Each structure stands twice: as C-alpha cells, then as structure tokens.
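Read in order, the letters of the sequence shown are residues 50 to 465 in the numbering used here.
Glycine included, each C-beta is placed from N, C-alpha and C at the ideal position.
Here the structure is a predicted model, which is why all the values come from computation and not from measurement.
Read the structure below first, then the notes.
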Amino acid sequence: MDRELFHKCVGGNIVLLIQAFRKKFIIPEFDSFVSKIDQIYNTVQKNHNGHVAVYIPHLAKFSPDLWGVSLCTVDGQRHSIGDTKEPFCLQSCVKPLEYAVAIHEAGTEKVHRYVGMEPSGLKFNKLYLDEEDKPHNPMVNAGAIVISSLIKPGSNKAEKFDYMMDFIKKMAGREYVGFSNATFQSEKETGDRNFAIGYYLKEKKCFPTGAEMIDALDFYFQLCSIEVTCESGSVMAATLAHGGICPITGERVLSAEAVRNTLSLMHSCGMYDFSGQMAFHVGLPAKSGVSGAVLLVVPNVMGVMCWSPPLDKVGNSVRGIHFCQELVSSFNFHNYDNLRHLVKKQDPRRQDRDDRVRDFESYEPSVSSLPPPSRWGNIPLDDAMQFGHSAVVKVLQDYQVAYLHGGMGQNTSNSV
C-alpha cells in the first residue's frame, strides 16, 4: 500500500484513529457501554403508548413500530440499533440547528434583538409574544419563523436553502441529509396555524427591516422538511456536544458561542411543555420534533438521535423520552450527577482503575482478585447485582457462604 492509497483509506476516519492510537477515547470501555445501550433500547421498545402525528398527512404514513437509536461520541465512536437508516424529517429538531447557524453568522446581540430566551409556558404553536413583543425563544414556532428571516438576509430563496443544507451536512459529517418535498407540500397545505403566527408576527413588526413574512415562512417549512437518519442525526448532535467541531471530519462548523447558546436554550425550552420535567429528570439539552425524533446532547461526551413516531400528548416521542430517562438512570450524565455521594451510577468516561469493569463485563475468572469497597462505597457483589451478571453474583455469594462457614472473619459484607 502506497502513501496515497493509505491516505485515501484512513482519511475519513483520521480523528478516530488518532484517538485510538493515543488510547484517549472519551468512553474507554465502549463495548460494555453499548451493551447497556442495547438493553435500554430493548426495554423501551416494549413501550407501545402514544400515537403517530396525523395533522401533517405525510407524517401519518409512518409505522408506529419504527424505533431506532444512534449515538456518536465526541471522538467518533459510533453505535446504532434498530431502524437507524430510515430517513425522517427533522421537523422541530431543526430549530436549534437554525438558531445555532444564526448565532454563528450574526452573533448573539443581533439575533436576540428579535427573539427572547425565556421558556413560554405555552404550547409551541400559540399566538403569543413576550412583554417586549418578541417570540419567547427560538424553540417555539414563532421564534423559529423569525430566525428564518435572519439567515442570509438579502439572498434569494435558493441560496438560503443551499446555505442551510450545506451547514447541516457539515454538522452531519457529510452523511445523509436529504429533503422531503412531499412533507414540504403537506406543511404548506395544512399550515394554517403557522400562517396565522406569521401574520401575527408581521402585525407586531417582529421581522427585521426588509424581510418578507411569506418568504420566512416558506423557508421555515423547507427547513422542517429536511431529512436525516438516526445515524447522520447522531453526528449532528455530537457536533454540538463537541463544541461545534464535527467528530467525524474534525472540521469546526459552529462557533463556541453558538453552541453554548444553543445548548442552553435546548435545556430550558427544547421539549415543548415537557421542558421543565426533562431538565429536572434528565438534565441534558434535547430537542424533539413531531416526526418522532429526539436529538439529545451529552456535552463533551456524545450526541444521540432517537426516532420513534408515536407521540405523547404534548408532541414528544414516547420512546424517545423513555430512552432518555433510562439512559440517565443508568449513567451519571445528568448535569448534577457529579455529586457522587448522592448517586450510584456508572460513569462510562472513567478509566476503571480498581478493575471493577470486570464485574460489568461478567468476567468470572477475575472476581477472586477484586479489592475491598470502591471509592464510592460499592462492594463487588453490589456491582454485579446492579448490572445483572448472575454468574458473577453466584460466584461471589458462594464465596461469601464459604467465608462465613470457615469462620474467617466478621466483615465479609465489606469485601465481597
């Protein structure tokens, strides 16, 4: 293999290869981690609650059984399970991306002259503005429509659309990003509420000088109709998790300022009327869409895209929400899980220097060499039971019985 061929083979994975050679992956025991992800996926798959959105006719055609999860770490490790190659429209998941591009291009001060940054406490498609006659935030329809008018002002419709498509493709590492014309037409034909919002915004003079309301609305419908898969969507989420640098290509796509602002608003406003509960129970930035997508960001660790069309009463994917909750129940990804004395969860980012990973991997021959209680107060038997490794549990319990019957000490619970 000559130099040119080698470069061609590894060029698309150079970031991942560098991390592998340096042994500096953000999640060192990746196989163990994704094994747990698969368990969560299978648990959530049994949740058959919710209904597919019908108010946009094209979305109503999707099967309620579709369910996919993809993740991409900030150093390019990937995992997918389920229907992760099926294209679906971003819908409201495009709102944080659109906002990030606007901040990247125009800056915080200019963008927030026209849009607020507070949760509205109202449904996402309400005709309502804040006390300054601005949309409450960019994650509701009114805010996203105004943001549409701020991107590439002065450009024609084709140039604006191509600009956004190229930006989103760069965020996705040049993986699949498409466009559903059928959804776009459905949006325009059934979008009476959004037209009403548009005219209300026009009446209140919410658009910048020279912006046409109909053009902004048309652009908004186009952006909602952009297609991704779980796999390409997870790379977009990972780009946000990585501070605006795509983990697949190593290219800086967004400024640090744009990412910080975007994640802040996703955390406070991203999940419709469930945003407060999401911040409380999950503690991570996320954005949902009525197509059934949930874009989840674990800052400095990974991005996740979940997709399942059945929605709950506020418009969030039932399985997507369930997955996020189970993820944070298993791993210390919640913003405040660094208070270690309050929680007992796995930290997949930590090198397991006390070798307790052998419990998680169910490696029976090694349990006899395990040390006394860990730095978090767990004993090996606790860990083995927590992660469901029955064979290891049996070995440790048998040893505990033998130890007690042998009269070798009274503190067996502190060492096994």
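Shown here, Arg309 sits in a helix according to DSSP, grouped into three states.
About 5 Å separates the CB atoms of Ala335 and Gly319; that is less than 8 Å, so the two are in contact.
Restricting attention to Ser197, Asp431, Thr258 and Ala231, the CA atom closest to the CA of His107 is found in Ala231.
The three-state reading of DSSP puts Leu333 in coil, since its state is none of H, G, I, E or B.
Beta-bridge pairing by DSSP links Gln395 to Phe380. Taking a cut-off of 8 Å on C-beta distances, the stretch 275-282 touches the stretch 126-143, as three or more cross pairs fall below it. For Ser379, the closest C-alpha among the options Asp87, Pro77, Glu53 and Val441 is that of Asp87.
The DSSP assignment places 206-220 as complete runs of the alpha helix (DSSP H) inside the stretch 196-221, in order along the chain (cut-off: 4 residues). By the CB criterion at 7 Å, Ser112 and Thr133 fall outside the cutoff.
In the displayed model, Ala342 falls within a strand according to three-state DSSP.
In the DSSP annotation of this structure, the continuous segment of the beta strand (DSSP E) that includes Cys121 starts and ends at Gly117 to Thr122. Scanning its chain for C-beta atoms nearer than 7 Å, with the 5 sequence neighbours on each side dropped, one finds around Lys183 the residues Tyr163, Val164, Gly165 and Cys255, in chain order. Val160: member of the alpha helix (DSSP H) spanning Thr157 to Val160, first to last residue.
At a Cβ-Cβ threshold of 7 Å, Pro358 and Val101 count as neighbours. With a cutoff of 7 Å on beta-carbon distance, Val93 and Arg368 are scored as near each other.
Take His371, set aside five residues on each side of it, and the residues of its chain with a beta-carbon closer than 7 Å to its own are Val93 and Asn96, in chain order.
Annotation: the continuous beta strand (DSSP E) that includes Met354 extends over Met351 to Trp356.
Glu261 is classed as exposed because its beta carbon has fewer than 16 other beta carbons within 10 Å across all chains shown. In this structure the stretch 145-163 touches the stretch 193-204; the number of beta carbon pairs closer than 8 Å is three or more. DSSP lists Ser119 as the beta-bridge partner residues of Ser129. Selection Glu224, Val195 and Met327 evaluated against Glu147 yields Val195 as nearest (Cα-Cα).
Spatial neighbours of Ala287 in its own chain (CB-CB distance under 7 Å, excluding positions within 5 residues in sequence) are listed in chain order as Cys121, Thr122, Val123, Pro296, Met351 and Gly352. Asn91 counts as exposed, since fewer than 16 other C-beta atoms from the protein chains shown sit within 10 angstroms of its C-beta.
Pairing Val444 with Ser81, the inter-Cα distance amounts to about 21 Å. In the three-state scheme derived from DSSP, where H, G and I count as helix and E and B as strand, Leu176 is classed as coil. For Phe82, the enclosing alpha helix (DSSP H) begins and ends at Phe79 to Gln94. Leu171 and Asn243 have their C-alpha atoms some 15 Å from each other.
In the DSSP assignment, Phe268 falls within the alpha helix (DSSP H) that extends over Met262 to Cys273. DSSP links Leu360 through a beta bridge to His100 and Ser366.
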